[in-house]
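Residues in the sequence shown are numbered consecutively from 26, following this note's numbering.
In this text, a Cβ means the ideal position worked out from N, Cα and C, and glycines have one as well.
Down below is the structure, laid out as structure tokens.
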Amino acid sequence: MIPRRKFLTAIGGAATVAALPFGAPRRARSALSGVLAPVPLEMEQGVKTFRLRSRQVALPLLGADGPQSSLWLYADAPLPVIRVSRGEPVRIRFTNDLPTEHSSIHWHGIRVPNALDGVPYITQKPIQPGSGYVYEFTPPDAGTFFFHPHCNESGQVGQGLAGIFIVDGDTPAPFDDDIILAAKDWRLAPDGSFLPFTTIKGASRAGTFGTVRTVNGAASFARQVPASADLRLRLLNLDSTRVIEVGIEGAEAQVIAIDGNAVVPFPLDTWRLGPAMRLDLAVRSPAAGATFKLIDYGASELYDLAALTAEGAPMRTEPFSPPPLLASPIPAPDLAAAETQTYLFGAASDSIASFVDSLDPDDPLSAVILDSLCTGDETFWSINTLSWPHDGHEKLPPPLARLKAGKSYRFVLQNGTPHPHPIHLHGHTFTVLSSSRRPLPLHQADTVLVAPKERVEIAFVARSGDWMFHCHILEHLETGMMGYLRIA
Ligand code: C2O
Ligand code: CU
Numbered sequence: 026m027i028p029r030r031k032f033l034t035a036i037g038g039a040a041t042v043a044a045l046p047f048g049a050p051r052r053a054r055s056a057l058s059g060v061l062a063p064v065p066l067e068m069e070q071g072v073k074t075f076r077l078r079s080r081q082v083a084l085p086l087l088g089a090d091g092p093q094s095s096l097w098l099y100a101d102a103p104l105p106v107i108r109v110s111r112g113e114p115v116r117i118r119f120t121n122d123l124p125t126e127h128s129s130i131h132w133h134g135i136r137v138p139n140a141l142d143g144v145p146y147i148t149q150k151p152i153q154p155g156s157g158y159v160y161e162f163t164p165p166d167a168g169t170f171f172f173h174p175h176c177n178e179s180g181q182v183g184q185g186l187a188g189i190f191i192v193d194g195d196t197p198a199p200f201d202d203d204i205i206l207a208a209k210d211w212r213l214a215p216d217g218s219f220l221p222f223t224t225i226k227g228a229s230r231a232g233t234f235g236t237v238r239t240v241n242g243a244a245s246f247a248r249q250v251p252a253s254a255d256l257r258l259r260l261l262n263l264d265s266t267r268v269i270e271v272g273i274e275g276a277e278a279q280v281i282a283i284d285g286n287a288v289v290p291f292p293l294d295t296w297r298l299g300p301a302m303r304l305d306l307a308v309r310s311p312a313a314g315a316t317f318k319l320i321d322y323g324a325s326e327l328y329d330l331a332a333l334t335a336e337g338a339p340m341r342t343e344p345f346s347p348p349p350l351l352a353s354p355i356p357a358p359d360l361a362a363a364e365t366q367t368y369l370f371g372a373a374s375d376s377i378a379s380f381v382d383s384l385d386p387d388d389p390l391s392a393v394i395l396d397s398l399c400t401g402d403e404t405f406w407s408i409n410t411l412s413w414p415h416d417g418h419e420k421l422p423p424p425l426a427r428l429k430a431g432k433s434y435r436f437v438l439q440n441g442t443p444h445p446h447p448i449h450l451h452g453h454t455f456t457v458l459s460s461s462r463r464p465l466p467l468h469q470a471d472t473v474l475v476a477p478k479e480r481v482e483i484a485f486v487a488r489s490g491d492w493m494f495h496c497h498i499l500e501h502l503e504t505g506m507m508g509y510l511r512i513a
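Given below as structure tokens:
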């Protein structure tokens with residue numbers, strides 16, 4: 026049997042299955058400059074409009090003199106940036122020009138109406154190659170968000186489909202610079218072709234890691250910043266798999282937002298970001314000539330996420346004390362009245378895996394069944410013992426729970442596996458109340474990392490719709506750790 030993912034890449038002609046020893050990612054050089062391009066703004070009857078087109082683009086991701094890699098991107102370069110203001114309507118005209126696959130766009134962390142949430146079969150029809158879709162909504166909250174497809178995620182995101190979505194309107198006083206740092210690994214063979222995005226070994230454990238680390242597409246991100254200035258750094262973990270543990274050397278940083286949501290500023294020691302998680306920092310840059318670094322201390326080999334060198338005349342002389350960002354209008358859960366529910370993130374029973382294994386690979390019907398699957402070929406994970414089934418989004422499993430719109434809920438998220446899981450709830454910004462294993466500042470988030478043996482409590486006011494609830498390690502959601510809440 027050909028695993029579906031390999032089958033698709035074979036059709037697309039985009040990847041070859043090169044043999045490379047796993048587990049020892051080499052540090053390769055990326056040719057991309059580290060400057061993210063904005064999506065051009067157009068006005069249509071007074072509405073800010075942006076065009077995104079998913080397409081195949083060849084770029085020398087391994088170095089200017091290196092081989093071309095066949096990426097799937099929304100623009101000519103990876104990670105285009107849409108920038109709007111809070112409370113202002115925005116229209117996105119999306120065209121799917123992928124060679125073979127349907128797609129959709131999910132606006133991660135943005136509290137859009139359910140119909141615009143971008144989940145094929147659940148909130149909209151899949152967008153077939155050659156056709157388009159118009160998303161139109163008014164972002165209610167300011168902050169650092171992103172967008173990505175919600176089908177064959179390890180493949181489509183793995184090959185490059187993702188973008189940054191910044192909503193302005195949360196700064197009481199302007200920063201001297203505002204820098205986006207989007208971390209993403211790529212699974213490339215030395216010849217520039219993509220390695221399989223998912224492996225059984227990875228999907229059933231911590232995930233399949235990339236071979237090339239980048240920030241904004243660059244293998245080592247470096248730039249100049251104004252000296253003795255107050256900078257806003259927006260760090261996004263857009264990797265499919267990797268948990269980053271960010272710290273700073275050579276400057277002082279305060280955490281000012283988590284997943285785009287304002288927090289009472291606190292000094293950055295280190296902070297763990299699972300896939301999809303974001304962290305906004307205020308940093309007082311050093312004197313001219315000095316360099317400070319953001320470092321990932323979580324990797325086996327320390328990795329510099331960014332090296333920023335101060336230059337020019339000092340911008341500020343007053344002591345560093347960034348004011349809190351302006352809070353977004355997120356409804357506060359009523360903890361006294363909240364209903365408590367427990368969700369266990371665990372391993373799967375093997376029934377679905379054996380169903381897939383039972384399919385006769387030579388029977389044309391098997392190929393049709395496998396090809397209709399929006400998720401992976403194997404099931405390793407579950408939420409409350411239920412695994413997202415292999416018959417795709419088309420035939421929906423029952424919801425994990427039915428909740429009442431407008432009511433407050435307290436969820437206890439319990440990790441029953443030996444791997445960390447960044448748990449994401451669509452359509453909601455929840456309050457992270459506590460962890461059983463570590464002190465956590467009270468904060469709001471759309472994705473929370475739950476470590477092995479950890480119990481994390483979150484609370485939120487339910488919004489009506491069918492909202493996906495899943496781990497954001499893409500291979501985990503594709504192999505069972507996904508469900509949805511039906512809220513009415
Ligand atoms: Cu970024 Cu279903 O999520
Ligand atoms: Cu997971």
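Could you spell out where the beta strand (DSSP E) holding residue i opens and where it closes?
i	result
residue 508	507-512
residue 263	Counting along the chain, residue 263 falls outside any beta strand (DSSP E), and DSSP gives it neither H nor E.
residue 336	328-336
residue 449	446-450
residue 78	72-84
residue 98	94-98
residue 112	Here residue 112 belongs to no beta strand (DSSP E), and DSSP marks it neither H nor E.
residue 211	202-211
residue 69	67-69
residue 491	490-496
residue 484	480-486
residue 239	237-240
residue 191	188-193
residue 527	Limits of the chain in this structure are 26 at one end and 513 at the other, which puts residue 527 out of reach.
residue 438	433-440
residue 514	There is no way to answer for residue 514, as the model of the chain reaches only from 26 to 513.
residue 251	247-251
residue 427	426-428
residue 475	472-475
Could you give the first and the last residue of the continuous alpha helix (DSSP H) run that contains residue i?
i	result
residue 182	178-183
residue 566	This structure gives no information on residue 566, because the portion of the chain shown stretches from 26 to 513.
residue 364	No alpha helix (DSSP H) holds residue 364; the beta strand (DSSP E) holding it covers 364-372.
residue 501	499-503
Have a look at the options and flag the residue whose alpha-carbon is nearest the alpha-carbon of residue i.
i	options	result
residue 181	508, 241, 499, 238	499
residue 342	91, 209, 160, 252	252
residue 195	109, 68, 444	109
residue 372	445, 429, 215	445
residue 88	480, 243, 460	243
residue 486	412, 440, 434	434
residue 133	116, 90, 467, 191	191
residue 114	66, 408, 265, 298	66
residue 116	316, 64, 152	64
residue 245	153, 318, 346, 351	318
residue 164	430, 71, 138	138
residue 215	92, 465, 463	92
residue 504	496, 359, 467	496
residue 156	175, 179, 184, 125	125
residue 276	365, 302, 288, 309	309
residue 205	217, 330, 178	330
residue 226	512, 501, 507, 509	501
residue 507	295, 421, 459, 207	421
residue 403	209, 224, 193	224
residue 175	409, 131, 209	131
residue 90	346, 411, 478, 57	57
On the premise that residue j lies in contact with residue i, defined as a C-beta separation below 8 Å, what is that separation, rounded to the nearest angstrom?
i	j	result
residue 286	residue 469	4 Å
residue 454	residue 166	7 Å
residue 425	residue 483	Going by Cβ atoms, the distance from residue 425 to residue 483 rounds to 15 Å, so no, they are not a contact pair.
residue 160	residue 119	7 Å
residue 171	residue 187	6 Å
residue 494	residue 450	5 Å
residue 312	residue 335	6 Å
residue 202	residue 254	6 Å
residue 259	residue 316	No, residue 259 and residue 316 are not in contact; Cβ-Cβ is about 20 Å, not under 8 Å.
residue 107	residue 127	That belief does not hold up - the Cβ atoms of residue 107 and residue 127 are roughly 22 Å apart, past 8 Å.
residue 299	residue 268	5 Å
residue 248	residue 333	6 Å
residue 304	residue 271	7 Å
residue 301	residue 447	6 Å
Under a CB-based cut-off of 8 Å, is residue i close to chain C?
i	result
residue 119	Protein chains in the displayed structure number just one, and chain C is not present.
Entirely enclosed beta strand (DSSP E) segments - the segment 120-172, minimum 3 residues: 131-133, 157-162
Whole runs of the beta strand (DSSP E) within the segment 269-323, excluding any shorter than 3 residues: 269-274, 277-283, 286-292, 296-298, 303-309, 316-321
Residue list, Cβ distance to the ligand C2O heavy atoms smaller than 6 Å: 131, 133, 173, 175, 301, 449, 451, 493, 495, 497
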